[in-house]
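Chains as they are written, first to last, in full-length UniProt numbering: chain A, 1 to 352; chain B, 1 to 352. From the three backbone atoms N, C-alpha and C, an ideal C-beta is built for every residue, glycine too. Written below as structure tokens is the structure these notes are about.
Number of protein chains: 2
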Amino acid sequence: MKRKITLKQIAKELDVSISTVSKALRNSIEISEDTRQKIQAFAKLYNYRPNNIALSLKNRKTKTIGIIIPEIVHHFFSKVITGIELVANKRGYNVIVGLSNESFDKEVINMQMLANGSIDGFILSIAKETLQQQDYHHFTETINQGMPIVMFDRVVNEIPCDKVIVDDVKGAKEAVEKLITNGCKNIAIITTKDYVSVGRLRTQGYLEALEDHKINAKSSLILKIEDKLMSDDHIDKLENEVEQLFESNKDIDGVFAVNELYAVTAIKVARKLGLKIPNDLQVISFSDGVLSRHSTPSITTISQHGQAIGEKAANLLINRLEAEEVDYDDETEEVYETVVIETNLTERESTK
Amino acid sequence: MKRKITLKQIAKELDVSISTVSKALRNSIEISEDTRQKIQAFAKLYNYRPNNIALSLKNRKTKTIGIIIPEIVHHFFSKVITGIELVANKRGYNVIVGLSNESFDKEVINMQMLANGSIDGFILSIAKETLQQQDYHHFTETINQGMPIVMFDRVVNEIPCDKVIVDDVKGAKEAVEKLITNGCKNIAIITTKDYVSVGRLRTQGYLEALEDHKINAKSSLILKIEDKLMSDDHIDKLENEVEQLFESNKDIDGVFAVNELYAVTAIKVARKLGLKIPNDLQVISFSDGVLSRHSTPSITTISQHGQAIGEKAANLLINRLEAEEVDYDDETEEVYETVVIETNLTERESTK
DNA sequence: TAGAGTTGCGAAAACGTTTTCGTGTTAAGA
DNA sequence: TCTTAACACGAAAACGTTTTCGCAACTCTA
């Protein structure tokens, strides 16, 4: 019922000025021992805490980080959030989350909602629709207004900001090389259409690995899935496409999937067709999820370390925020960093 | 570089007063057509947006909801967030997320960080440690300060607030009845220690179902897992316990698991012991996750509808927030609602 | 005892809004 | 020509802080 107590109320109650109360609570030496004790006791009694909003207004900083991600029901993204929240909290920041649902409009609106003073900076991963439309004005505008951005995973080079990524090419290459080493002769890739940058890069890694080992890539072994099929409603269409892949390439003995769902679908279809894992078919997936660890057989993965990505992104952002205070808008050209988080191969039952 | 533009700057630039600018932008009839147009054009040019923090301070409301959950890397919780974010956004609110990591202290600290003006109300699910310690003072204090709370899933009755829960007893009962109907004679339950309320309630549902069908519950068929084993590090200890369960009860033909991980572990162990699913053993899990849908065999579940829970919780909270405005702290006793979201059985391959 | 220094506190500005209440100017009515 | 009303705008307060500055009332020192 009783609203939170304010400096003004304490001042009135104790018959001193607001300034005195403020100083007393911050242990200023200007205030006599006596009054200081009196005020602090009173404040403690009424459980006084400074109003955050007022502080934000006064200091022109909110100590809050805005996160914009495509979706949250996704192991990778929630791991990243965990990482961000961890260091944010440790460094005295809060975290406010906006979901773009892969939609350009929602991304723009969400950013506008937050950019009006609610937060000090953004950490984000770009929506697929935005990547398709290649319209990045909302990012540049935000940056021009002096609000720093850190991008992770899905990034675009033309935006001047810090970035945290995994080396998709290298990771994919490592996966495919593992398959080759394990004796696979006909390795298929299940990937996304090229406008999804991670899909494109992982496909590139696949091709490079083949090339390095003097294996000719066959286009029939490259299955590029239309993105709409990621949703659970279209799971059977996805299965169909994968089944066709196997049917028309009976000699496939290795699959590299760019995400967990594709991998698990490949395994399901392969089994239906009578293939034994890992004897007839070996599978490696790019991922950081629970599916590969707990499904049967468990799936060998290139893991992305989502939490590490989140931690790094948060540190980059907060470092920049707190550096600004000293640098005080000097005219030195900003220099941005792109941090690559190493992936690593976790072997499980889907490979020999 | 250039900070966001303010009313004051526009006023100065156009040589009018701040009030005039404010009124012009809000289309007040006090302002002449001429100046209004001029000001609006200027504001549009410089992309003026009112500073949210200033508005929050003035209006004494932030249009922001605080979410405190035990963890975010969890399908159920991220689904709930999705639901909250959906209606929050639709109704003009933002969402700020704090993670308790199941720790009492982090829960308290997170709530204190947010309760100092940063948000208008909480939506939360209680940390396990808090449930164990049964110390709820931070909730009551928050409520006493006039900040409404909506609890979901893990709730305690003694806190006066709106609640959104699933009928755990009923859902569990339905699951077990399904197993019975399907011919299972020796149904085991894999659940958590009793201090986790959902574990306790689901165990209760299990017992009720057995009783209703005149089946004697056998304590050897009730496996209560210590909570620490949920983490991925202890996955083998979990497997051991489950294996012991099967070894010492060779006649088990049905398993009801209170979460996905237990179910998937049960299946894994059962297979290792040579049991066929669903012929020798049928499994039903309480869950809303991706594991049950995509693992092989896919798992029949009692689904919790996390998103619906989130939506309902957000609507309850926002309704209360916006009702307060009119009621204006009248002394009518607050009356709180407990909404039960219906679970339902989704049949998959792990049952006949 | 006059001047200087110390001590303890308050007034006011600032952060960026919105809104109430004036107030000066002009137009209309008597 | 005088009063009144309409019109267009500005001053100021308020939201809750922090901080700079000023100023009394002391306490020393010479």
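Using the Cα positions of His213(B) and Arg200(B), report the straight-line distance between them to the nearest angstrom. If you take the alpha carbons of His213(B) and Arg200(B), they lie about 20 Å apart.
Give me the subset of the segment 130-161 of chain A whose CB atoms are less than 9 Å from a CB atom of chain B, sorted by chain position. When CB distances to chain B are screened at a threshold of 9 Å, the residues of the segment 130-161 of chain A falling below it are Glu141, Asn144, Gln145, Gly146, Met147, in chain order.
Taking the beta carbon of Asn59(A) as the centre, do at least 16 other beta carbons fall within 10 Å, making it buried, or is it exposed? Looking at its Cβ environment, which holds fewer than 16 other Cβ atoms inside 10 Å, Asn59(A) is exposed.
Collapsed DSSP secondary structure at Gln282(B) in the structure displayed: DSSP places Gln282(B) in strand when its eight states are reduced to three.
Mapping DSSP to helix, strand and coil, what is Leu345(A)? Reduced to three states, the DSSP call for Leu345(A) is strand.
Which of helix, strand or coil does DSSP assign to Ile68(B)? Residue state for Ile68(B) is assigned as strand, using DSSP reduced to three classes.
Own chain, CB closer than 6 Å to Leu321(B), minus 5 neighbours either side, in chain order: If the five residues before and after Leu321(B) are omitted, its C-beta is found closer than 6 Å to the C-beta atoms of Asp120, Gly121, all from its own chain and listed in chain order.
What does the alpha-carbon distance come out to for the pair Asn157(B) and Thr203(A)? For Asn157(B) and Thr203(A), the distance between alpha carbons rounds to 54 Å.
In the DSSP output, which residue or residues are listed as bridge partners for Asn94(B)? Answer by DSSP bridge pairing, in chain order: Thr64(B).
Rounded to whole angstroms, what's the CA-CA distance from Tyr46(B) to Glu337(A)? Just pull it up for me. Straight-line Cα distance between these residues: approximately 30 Å.
Backbone CA spacing between Ala270(A) and Ile187(B) [nearest angstrom]: If I take the Cα positions, the gap works out to 33 Å.
Taking the straight line between their C-alpha atoms, what separation do you get for Asp330(B) and Lys106(A)? The predicted model places Asp330(B) with a pLDDT of 48, which falls under 50 and marks its position as unreliable; any figure quoted below should be read in that light. Taking the straight line from one Cα to the other gives about 39 Å.
Apart from the five residues just before and just after Tyr328(A), which ones in its own chain have a Cβ nearer than 8 Å to its Cβ? Residue confidence is low: Tyr328(A) scores 46 on pLDDT, short of 50, so the model does not pin down where it sits. Its coordinate-derived value is still stated next. Scanning its chain for C-beta atoms nearer than 8 Å, with the 5 sequence neighbours on each side dropped, one finds no residue around Tyr328(A).
Please report how far the alpha carbon of Gly335(B) lies from the alpha carbon of Ile159(B), in whole angstroms. Here residue 335(B) turns out to be Val, not Gly, going by the sequence shown. Rounded to whole angstroms, Val335(B) to Ile159(B) spans 12 Å at the Cα level.
Going by other Cβ atoms of all chains shown within 10 Å of its Cβ, with 16 needed for buried, is Gly83(B) buried or exposed? Counting C-beta atoms within 10 angstroms of its own C-beta, Gly83(B) has 16 or more neighbours from the protein chains shown and is therefore classed as buried.
Would you call His75(B) buried or exposed, if buried means 16 or more other Cβ atoms sit within 10 Å of its Cβ? Here His75(B) is buried, its C-beta having at least 16 other C-beta atoms within 10 Å.
Determine which residues share a DSSP beta bridge with Phe152(A) and list them. Residue pairing from DSSP places Phe152(A) in a beta bridge opposite Val164(A).
Could you check whether Asn52(A) and Thr6(A) sit closer than 8 Å to each other, using their CB atoms as the reference points? Here Thr6(A) is not near Asn52(A), since their CB atoms are 8 Å or more apart.
Does the segment 247-254 of chain A touch the segment 275-282 of chain A, meaning 3 or more C-beta pairs lie closer than 8 Å? With the rule of 3 Cβ pairs closer than 8 Å, the segment 275-282 of chain A counts as touching the segment 247-254 of chain A.
Helix, strand or coil: which one does DSSP assign to Ile39(A)? Residue state, collapsed to three classes: helix.
For Gln112(A) and Glu349(A), the rounded distance between their alpha carbons: About 46 Å.
Can you tell me which of the three DSSP states Ile123(B) falls into? In the structure shown, Ile123(B) sits in a strand (DSSP, three-state: E or B).
Is Ile72(A) close to chain B, meaning its C-beta is less than 8 Å from at least one C-beta of that chain? Contact of Ile72(A) with chain B is assigned, a C-beta pair being separated by under 8 Å.
On a CA-only basis, which of Asp135(B), Arg154(B), Ser22(B) is nearest Ala11(B)? Give me that one, please. Among Asp135(B), Arg154(B), Ser22(B), the Cα nearest to that of Ala11(B) is on Ser22(B).
Could you check how far apart the C-beta atoms of Ile123(A) and Phe152(A) are, in whole angstroms? I think they sit under 8 Å. Right, the Cβ-Cβ distance comes to about 7 Å (below 8 Å), so this counts as a contact.
Could you check how far apart the C-beta atoms of Ile309(B) and Val80(B) are, in whole angstroms? I think they sit under 8 Å. Taking the Cβ atoms as the reference, Ile309(B) lies roughly 5 Å from Val80(B), within the contact range of under 8 Å.
If we cut at 8 Å on Cβ distances, does Lys8(A) have a partner in chain B? Using beta-carbon distances, Lys8(A) does not count as an interface residue toward chain B, since no partner is under 8 Å.
State yes or no: is the C-beta of Asp167(B) within less than 8 Å of the C-beta of Thr343(B)? Yes, the pair counts as a contact, with Cβ atoms nearer than the cut-off.
Tell me whether the segment 33-46 of chain B and the segment 34-45 of chain A touch, counting them as touching only if at least three CB pairs, one residue from each stretch, are closer than 8 Å. Touching, no, given that fewer than three Cβ pairs across the two stretches are closer than 8 Å.
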